[in-house]
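Novice: Below is the structure I would like to discuss, written out as structure tokens.
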Amino acid sequence: MAILTVNNIRQSFGEEVILQEVTFELQKGERVGLVGVNGSGKTTLFKVLTGEYSPDTGSVTFGKDTVLGYMEQHVCRDFHKTAFDEVMTVFAPLLRLERELEDVTALLAEHPSGEDMERLIQRQTDLNERFVDAGGLPCRSRARSALLGLGFEESQLQNKVGVLSGGQKAKLQLAKMLLSGANLLLLDEPTNHLDIQAVEWLESFLLGYSGSYIVISHDRYFLDKVTNRTLEMEGKTVTSYKGNYSRYLDLRAEHRLAMERVYESKQKEIARLEGIIEQQRRWNQERNYVTIASKQKAIDRIEATLEKPEEEPDTIRFQFKASRRGGNDVLTAQDLSLSFHPGQPLFEHVGIEIKHGEKVFLIGPNGCGKTSLFKILLGQYTPDTGLVRLGAAIDVGYYEQSQLSLHDEKTVIDEIWDLHPQMTQTEVRSALAVFLFKGEDVFKPVGALSGGERARVLLLKLMLSKANFLLLDEPTNHLDIGSCEALEDALSGYDGTLFVVSHDRYLINKLADKIYVLGKDGARLYLGNYDAYLEQRDREQQAQQAEAPAPKVNLYKQRKERESALRKKRTALRRLEEAIEENEAQARPARRTRPRRRSWRSSSPSRKWPRTMSR
């Protein structure tokens, strides 16, 4: 049975139709990637599924046992809680059960009377079974693991929610959703704010997740790893493809080619039939009218099923060209270190060497100093130690992640024209059209643009600079998948030199000649693309594990610990039996009897505990 059924959804805002005839089912265990250009309606569809939007027509039906999870459910509203306590709120029923269990245990410690004792023991047993069955024992370790996996430091777990950055709050919401117990997740760009290490943790979590999910993401490497079906948003509706993102690309190309061939074949058949009709009309005999009517009916039948393939959605297509070659030694950086607080270096002993034509990537965890290193290379920061040397005739172009170099008060056309006044208006508008700014869009204020539109303006400025050494800081952020692919093509054909900070593993895999991994103690060099880096990293980790000495085992200490634990259990058992017998004695009528002594033997044959009991 389907866990989600979407039937003939239509969603519009005023006269603008966003979704039309959207129909699909989701089966248990399916892991779906939802792809499409920016503005195609992906987030709108999610809001229909969560109930935030009511569709004009159609229905959304969830299976009987479906529990939906999405980010907006887990907004952090109590800014006085710690990050760890905020995540633990998803385990509220378990925590209530745990408190009830603690209360019962405390009552038992007061040695209640016989019937009360039996009732409390039974209650304790029931609560403990429920707590264990519901996953109560590992809930704290799961919360801690999720926060650390998504990029929190151990010291940050006790930070108040109110002091967290926007990115950290988003990670907190993501952690809460993942741990919420929902069996259908809606994930809208979950890799935003995550470094590569955190994305790898999220991939591992999702691959081990027993439920289903739909994920919107522009991270193609991520989609390839965690999805087994793809829904494409195009032309206001969805088309389903079996397989991950790479398989979807192949199937989509095959599907479009087949549709184009069918369309061309039908067009040829219509042309052939129209030729026969024209010939019959020239003969102008009575029997020819019968043939004409027959052929026209055949044309009508073909046209009734004739479906012209959708045109590919507009996407940017451009090239980077350097105005001059520049020297062979493009960049040399030696022994760089930087700190913002005395005695707390962000990084030390960083060395970078880049030759002409190389495509070099810089990766590392969030906060390790990648953008700060770029600012040293650009002369915006002064390092504590070290030197930077650019080669001869090197012209640097910089794409900044923050987009702060844009002027919000300017129009789009003025943002470009003021930088290149030698260009004519026609030339500027033609360049803007390549980046999908057409018609009246060129007169939009820059401040009113979306993140993706602002990114396209920055890329256009970079293209027009004709620099021969490009420093790119997270260039695929804010871009949809089509724009990411266009950027890849442009960078692949670039005749200059690249140095790129990116967490887009698909981009790194396609372009990288070598990779630097930035850490506190330097930048480690790996030759090759991202897959080659992973292979080298895995070999290093295996070698380290093989060289690590086996932990020393203190057999005497282990034996003593086992004996101590056994003594404690026996003592607890003896006290419990004494309490039960004392309660039984109090419950019976008093009678005179001669005391008698008996011995009580434990399960261990080597020890006896003599005990006197009165009846």
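Read the sequence shown against the working numbering and you will find it ends at 618, with the numbers running on by one and no gaps. Backbone N, C-alpha and C define an ideal beta-carbon position, used for all residues, glycine too. Note that the structure is a prediction, hence the values are computed from the model and not measured.
Could you check which residue in Lys269, Asp119, Ala256, Tyr292 has the C-alpha nearest to that of Thr308?
Specialist: Among Lys269, Asp119, Ala256, Tyr292, the Cα nearest to that of Thr308 belongs to Lys269.
Novice: Taking C-alpha atoms, which residue in Phe82, Gln23, Gly72 lies nearest to Ser62?
Specialist: Measuring from the Cα of Ser62, the nearest candidate turns out to be Gln23.
Novice: Mind checking Ala593: buried by the 16 CB within 10 Å criterion, or exposed?
Specialist: Confidence at Ala593 is low in this model, with a pLDDT of 49, below 50, so its placement is unreliable and no value can be given for it.
Novice: If you follow the alpha helix (DSSP H) that Tyr497 is part of, which residue opens it and which one closes it?
Specialist: Unbroken run through Tyr497: none, as it is neither H nor E.
Novice: If you measure between the beta carbons of Ala470 and Val399, is that distance less than 7 Å?
Specialist: Going by C-beta atoms, Ala470 is nearer than 7 Å to Val399.
Novice: In whole angstroms, what separates the C-alpha of Glu33 from that of Ile21?
Specialist: Roughly 25 Å between the two C-alpha positions.
Novice: Report back the beta-carbon spacing between Gly36 and Ser220 to the nearest angstrom; my notes put them in contact at under 8 Å.
Specialist: 7 Å between Cβ atoms; contact.
Novice: Among Lys84, Ile199, Gln127, His77, which has the Cα closest to the Cα of Ile1?
Specialist: Beyond the ends of the chain as shown, which are 4 and 618, falls residue 1; an answer cannot be given.
Novice: Going by DSSP in three states, Met642 sits in which element: helix, strand or coil?
Specialist: In the structure as shown, the chain begins at 4 and stops at 618. Residue 642 is therefore absent and cannot be evaluated.
Novice: Check the C-beta distance from Ala434 over to Leu465 and give it rounded, since I have them as a contact under 8 Å.
Specialist: Their Cβ separation, rounded to whole angstroms, is 12 Å, which puts Ala434 and Leu465 out of contact at 8 Å.
Novice: Just to confirm before moving on: does the CB-CB distance between Asn186 and Val9 stay below 7 Å?
Specialist: Taking 7 Å as the Cβ cut-off, Asn186 and Val9 do not qualify as a contacting pair.
Novice: Please report whether the beta-carbon of Glu418 lies at a distance below 7 Å from any beta-carbon of chain D.
Specialist: The structure shown contains no chain D; it holds only a single protein chain.
Novice: Could you check whether the segment 414-422 touches the segment 437-453, counting it as contact only if at least three pairs of C-beta atoms, one from each stretch, sit closer than 8 Å?
Specialist: Contact holds: three or more Cβ-Cβ distances are below 8 Å.
Novice: For Ala301, which of helix, strand or coil comes out of DSSP?
Specialist: If DSSP states are grouped into helix, strand and coil, Ala301 belongs with the helices.
Novice: Could you check the C-alpha separation between Gln283 and Leu260 for me, to the nearest Å?
Specialist: Using only the alpha carbons, I get a separation of about 35 Å.
Novice: Among residues of its own chain, excluding the 5 on either side of Thr47, which ones have a beta-carbon nearer than 8 Å to its beta-carbon?
Specialist: Same-chain partners within the cutoff: Gln14, Ile21, Leu22, Tyr56.
Novice: Taking a contact to mean a Cβ-Cβ separation below 7 Å, would you say Leu349 touches Ser342 in this structure?
Specialist: Going by C-beta atoms, Leu349 is nearer than 7 Å to Ser342.
Novice: In the segment 36-105, which residue ranges form an unbroken beta strand (DSSP E) of at least 3 residues, counting only runs that do not cross its ends?
Specialist: DSSP runs (the beta strand (DSSP E)) wholly in the segment 36-105: 60-65, 71-73.
Novice: Among Leu376, Tyr519, Thr194, which has the Cα closest to the Cα of Lys174?
Specialist: Nearest option by C-alpha distance: Thr194.
Novice: By the DSSP assignment, the beta strand (DSSP E) with His344 in it spans what residues?
Specialist: Note, His344: beta strand (DSSP E), 332-344.
Novice: Can at least three beta-carbon pairs, one atom from the segment 362-377 and one from the segment 518-525, be found at a separation below 8 Å?
Specialist: Yes: at least three Cβ pairs fall under 8 Å.
Novice: Is it a yes or a no for the segment 202-216 touching the segment 122-130, going by three-plus beta-carbon pairs under 8 Å?
Specialist: As far as the Cβ criterion goes, the segment 202-216 does not touch the segment 122-130, which means the pair count is below three.
Novice: With 16 other CB atoms within 10 Å as the buried threshold, where does Asn287 fall?
Specialist: Exposed, since its Cβ has fewer than 16 Cβ neighbours within 10 Å.
Novice: Would you list the residues sitting across from Ser326 in a DSSP beta bridge?
Specialist: Answer by DSSP bridge pairing: none, since Ser326 is not bridged.
Novice: Determine whether the beta carbon atoms of Gly154 and Ala201 lie at a separation below 7 Å.
Specialist: Yes, the Cβ-Cβ distance between Gly154 and Ala201 is below 7 Å.
Novice: What would DSSP say about Gly400, mapped onto helix, strand or coil?
Specialist: Reduced to three states, the DSSP call for Gly400 is strand.
Novice: Excluding the 5 residues preceding and the 5 following Arg133 in the sequence, name in chain order all residues of the same chain whose CB lies nearer than 7 Å to its CB.
Specialist: Taken in chain order, the residues that qualify are Leu100.
Novice: Can you tell me whether DSSP reads Tyr519 as helix, strand or coil?
Specialist: In the structure shown, Tyr519 sits in a strand (DSSP, three-state: E or B).
Novice: Quick one: any contact between the segment 494-509 and the segment 421-441, if contact means 3 or more CB pairs under 8 Å?
Specialist: No, they do not touch.
Novice: Could you tell me which residues DSSP pairs with Gln434 in its beta bridges?
Specialist: Correcting the residue identity first, residue 434 is Ala in this sequence and not Gln. Partner(s): none; Ala434 has no beta bridge.
Novice: Provide the residue(s) that pair with Asp621 in DSSP beta bridges, ordered along the chain.
Specialist: One cannot answer for residue 621 here, as it falls past the ends of the chain, which runs 4 to 618.
Novice: Hey, would you say Thr388 sits closer than 7 Å to Asp338, going by beta carbons?
Specialist: The answer is yes: Cβ separation under 7 Å.
Novice: For His258, does the three-state DSSP call read helix, strand or coil?
Specialist: Reduced to three states, the DSSP call for His258 is helix.
Novice: Is Gln545 helix, strand or coil when you go by DSSP?
Specialist: If DSSP states are grouped into helix, strand and coil, Gln545 belongs with the helices.
Novice: Which of the three DSSP states is assigned to Ala526 in this structure?
Specialist: Note: Ala526 maps to strand in three-state DSSP.
Novice: Considering only residues of the same chain and omitting the five flanking positions on each side of Phe27, which have a CB-CB separation below 7 Å?
Specialist: If we look at Phe27 and ignore the five residues flanking it on each side, its Cβ neighbours are Val9, Leu234, Val241, Ser243.
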